[in-house]
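Trainee: Protein chains in written order, with this note's numbering: chain A, 844 to 1199; chain B, 182 to 462. Cβ coordinates follow ideal geometry from the N, Cα and C atoms, glycine included. These numbers come from a predicted model, not from an experiment.
(1) Name, in chain order, the residues that DSSP records as bridge partners for residue 295 of chain B.
(2) Quick one: list the residues of chain B neighbouring residue 1133 of chain A, beta-carbon separation under 7 Å, in chain order.
(3) Return yes when the Cβ of residue 325 of chain B is within less than 7 Å of the Cβ of residue 295 of chain B, no when it is not.
(4) Relative to chain A, which residues along the segment 222-240 of chain B have a C-beta separation below 7 Å, given in chain order?
(5) Give a yes or no on whether the minimum CB-CB distance between residue 391 of chain B and chain A is below 7 Å.
(6) Take residue 401 of chain B as the anchor and find which of B/267, B/265, B/298, B/232 has the nearest alpha-carbon.
(7) Please check the pair residue 300 of chain B and residue 396 of chain B, which I expect to be a contact at CB under 8 Å, by giving their CB distance rounded to whole angstroms.
(8) Give a yes or no on whether the minimum CB-CB distance between residue 420 of chain B and chain A is below 7 Å.
(9) Would you say residue 1185 of chain A reaches chain B, if we count a Cβ-Cβ gap shorter than 7 Å as a contact?
(10) Would you list, in chain order, the members of the segment 1144-1178 of chain A that have their beta-carbon closer than 7 Å to a beta-carbon of chain B?
(11) Compute the Euclidean distance between the alpha carbons of residue 848 of chain A and residue 1035 of chain A, then round it to the nearest angstrom.
(12) Is the Cβ of residue 1182 of chain A closer than 7 Å to any Cβ of chain B?
(13) Which word fits residue 924 of chain A, buried or exposed, when buried means at least 16 other C-beta atoms lie within 10 angstroms of its C-beta?
(14) What would DSSP say about residue 1146 of chain A, mapped onto helix, strand or coil?
(15) Nearest CA to the CA of residue 387 of chain B: which residue from B/407, B/414, B/438, B/288?
(16) Going by other Cβ atoms of all chains shown within 10 Å of its Cβ, with 16 needed for buried, is residue 228 of chain B buried or exposed?
(17) When you compare the CB positions of residue 1164 of chain A and residue 892 of chain A, do they come within less than 7 Å of one another, or not?
(18) For residue 1149 of chain A versus residue 1182 of chain A, is the C-beta distance shorter than 7 Å?
(19) Which residues in the same chain have their Cβ closer than 8 Å to the Cβ of residue 353 of chain B, if we skip the five residues on either side of it in sequence?
(20) Can you find the residues in the same chain that come closer than 8 Å, C-beta to C-beta, to residue 1110 of chain A, ignoring five residues on each side of it along the sequence?
(21) List, in order along the chain, the chain D residues whose C-beta lies closer than 9 Å to that of residue 913 of chain A?
(22) List, in chain order, every chain B residue whose beta-carbon is nearer than 8 Å to that of residue 1098 of chain A.
(23) Should the segment 186-199 of chain B be called in touch with the segment 255-273 of chain B, which here means at least 3 C-beta pairs below 8 Å?
(24) If you follow the alpha helix (DSSP H) that residue 405 of chain B is part of, which residue opens it and which one closes it?
(25) Kindly list, in the order they appear in chain A, the residues whose Cβ is closer than 9 Å to that of residue 430 of chain B.
(26) Have a look at residue 1125 of chain A and residue 1136 of chain A and give me their C-alpha separation to the nearest angstrom.
(27) Look up residue 1132 of chain A in the DSSP assignment and say whether it is helix, strand or coil.
(28) Give me the Cα-Cα distance between residue 1115 of chain A and residue 218 of chain B, rounded to the nearest whole angstrom.
(29) Excluding the 5 residues flanking residue 982 of chain A on each side, which residues of the same chain have their C-beta closer than 8 Å to its C-beta?
(30) Throw me the rounded Cβ distance for the residue 1089 of chain A and residue 986 of chain A pair, which I believe falls under 8 Å.
(31) Measure the CB-CB distance between residue 419 of chain B and residue 286 of chain B and report whether it falls below 7 Å.
(32) Considering only the beta carbon of each residue, do residue 226 of chain B and residue 449 of chain B sit closer than 7 Å?
(33) Report the option in A/934, A/1007, A/908, A/904 whose CA atom is closest to the CA atom of residue 864 of chain A.
(34) Would you give the residue range spanned by the beta strand (DSSP E) that residue 913 of chain A belongs to?
(35) I'd like the list of long-range same chain contacts for residue 1096 of chain A, defined as Cβ closer than 6 Å, with 5 residues on each side in sequence excluded.
(36) Between residue 1006 of chain A and residue 1013 of chain A, is the Cβ-Cβ spacing less than 7 Å?
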């Protein structure tokens, strides 16, 4: 599709114009950290941050989301019956999402949009959103997107990809949704012929700056139960404190809980993010817990991302290489190291896990 | 897009105390909208989420049979927040049911075969559904010999006692009821644990015989070697699993054993399948 040139002088006015048709969201700094927030009163997305501390998954999949409300008051006709909560799925656009986070939605969709069941909350929120991505010029040391099926200018999951070209942005329009947004913003100046080459150059330069990798080529062929029973899990999980930071900050973690919250005689049924790091996640009513130990829970997280997901969907690993879990883990557990151990696993050669 | 999280509204029609410890009650529900009963078309072996408004949901095996019309039935053990509250509810109360969920016992494959049902404790619910389904005059001819080995701690802890007695009197089903111990001198059935009774009473293994095993982990643990000893091939041993669940539709992420979800890819697996997955149940 075509490439449009947006002079930076037209940036604010274009966004302002688009705001008539879209609810705009973008990275804004709050205290020390950036996060995706509504861009109201002409606020502009702050592109100075490498990436937001938490992934933007909450935009589509809020940490707590009301699904239904109900009344327990028996004088009301539909008492004890769940009613769909009011939702706003009017068009919105996320400005400046990084390619890794946009790709993450594509992976998460595999879970929420299946032939048998569709999660209406996730899907409606996702489909009402236009993703205007921003290519990464200067990735950080924990980024490993290029070996995680992604990249600093990766286009999957984006409707428009922006590249910063000095006094202007080059906007590669990827989907019809993206084209509609560009029109709403009034940006239509076709970029010069060299734009494609410029874009390719920026992409190559950015990819070359990513020097950290995960090996994944053997994961699919390794026998599931052998990996599961590998002795290195003791080593991997030893320092884990089961805080759940990795799962909450991960753009591809999708597990959730369902809870009713009642006040007085009315209440709501809601979905809340949950984490495989917590014992309660799998605790049976009888007290039995199939993943009752820390080792079992840490193993579940990595096996899910690097083996079960790989086997189930044949779409690579359940990770986009954003590096958040690597940067934020308080005890320095590193998915790149775990991937290396798993990918290089040989059942017979595993005499001493400590050496690896 | 049908919202898979939205339960069908139901009314409690009847509540029966099943066991002497009063910890198991059977709830009969009718759908507020009769059309929902058709939408809830299920097969023996499936489960549903019982939704107690204001408390939450619990995944429970469907105890009624698809051949029984006009109601659905669940037997619930009093364990946690939702089940305890449910136990205090009365006929007439309104709540919800979401489902049916999961797969079912492989009825198509079992046609023309012998079926031996091995159950223990209060895991007998979907097995009751299965027995009622197979004994239905339309269906009985589809199966060869039917054996049922069912054990509980004591006579008073057996579920569906009147039905058990009725099945005992039939000649088209071989019942082997057992209790761990009985201090009732009039107890005329077996005494002993399920694995031991299985070893004595289970029909010989063969390509024509399926075993459906459903019970507490300890029973399964000791029954499996018995079936091995009797020569049951692992693809003929059918097991129904339980795990903590929330969504019931393979999305919330907690009930997996490897890449399979107990809620959506199960709860029914062959032992052959389970041998390929981590035993996280």
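Mentor: A quick look at the data gives this:
(1) Answer is B/390.
(2) Residues of chain B passing the Cβ test: 424, 461, 462.
(3) Yes, the Cβ-Cβ distance between residue 295 of chain B and residue 325 of chain B is below 7 Å.
(4) Within the segment 222-240 of chain B, the qualifying residues are 234, 235, 236, 237, 238.
(5) Against chain A, the CB of residue 391 of chain B has no partner CB under 7 Å away; the residue lies outside that interface.
(6) Taking the Cα of residue 401 of chain B as reference, the smallest distance to any Cα among B/267, B/265, B/298, B/232 is reached at B/298.
(7) Indeed they touch by this definition, with Cβ atoms about 6 Å apart.
(8) Answer no: the Cβ-Cβ gap between residue 420 of chain B and chain A never drops below 7 Å.
(9) The beta carbon of residue 1185 of chain A sits no closer than 7 Å to any beta carbon of chain B.
(10) For the segment 1144-1178 of chain A, the beta-carbon criterion of a distance under 7 Å to any beta-carbon of chain B is satisfied by 1151, 1154, 1155.
(11) Whole-angstrom Cα-Cα distance: 8 Å.
(12) In terms of beta-carbon proximity, residue 1182 of chain A stays away from the interface with chain B, with every pair separated by 7 Å or more.
(13) Looking at its Cβ environment, which holds 16 or more other Cβ atoms inside 10 Å, residue 924 of chain A is buried.
(14) Taken through DSSP and simplified to helix, strand or coil, residue 1146 of chain A comes out as helix.
(15) Measuring from the Cα of residue 387 of chain B, the nearest candidate turns out to be B/414.
(16) A buried status is given to residue 228 of chain B, since no fewer than 16 other beta-carbon atoms sit within 10 Å of its beta-carbon.
(17) In this structure, residue 1164 of chain A sits away from residue 892 of chain A, with a CB-CB distance that is not shorter than 7 Å.
(18) Yes. Within cutoff.
(19) The answer, listed in chain order, is 316, 321, 327.
(20) Cβ within range, chain order: 912, 913, 915, 1103, 1104.
(21) Judged by its chain identifiers, the structure shown contains no chain D, and its protein chains are A and B.
(22) For residue 1098 of chain A, the residues of chain B that pass the 8 Å Cβ criterion are 433, 434, 435, in the order they occur in the chain.
(23) Three or more beta-carbon pairs separated by less than 8 Å link the segment 186-199 of chain B to the segment 255-273 of chain B, which places the two stretches in contact.
(24) Looking at the DSSP string, the run of the alpha helix (DSSP H) that includes residue 405 of chain B is 398-411.
(25) Correct list: 957, 959, 960, 962.
(26) Residue 1125 of chain A and residue 1136 of chain A: Cα-Cα distance of roughly 11 Å.
(27) It is coil, neither helix nor strand.
(28) So the two alpha carbons sit approximately 30 Å from each other.
(29) Closer than 8 Å at the Cβ level, and outside the excluded window around residue 982 of chain A, lie 893, 988, 995, 1049, 1052, 1053.
(30) Wrong, their Cβ atoms sit about 16 Å apart, outside the cutoff.
(31) Yes, Cβ-Cβ distance for residue 419 of chain B and residue 286 of chain B is below 7 Å.
(32) Cβ distance < 7 Å, so residue 226 of chain B and residue 449 of chain B count as in contact.
(33) Looking at A/934, A/1007, A/908, A/904, the one whose alpha-carbon comes closest to that of residue 864 of chain A is A/934.
(34) Counting along the chain, the beta strand (DSSP E) containing residue 913 of chain A begins and ends at 907-914.
(35) For residue 1096 of chain A, where only same-chain residues beyond five positions count, the Cβ hits under 6 Å are 1090.
(36) A contact, by the Cβ cut-off of 7 Å.
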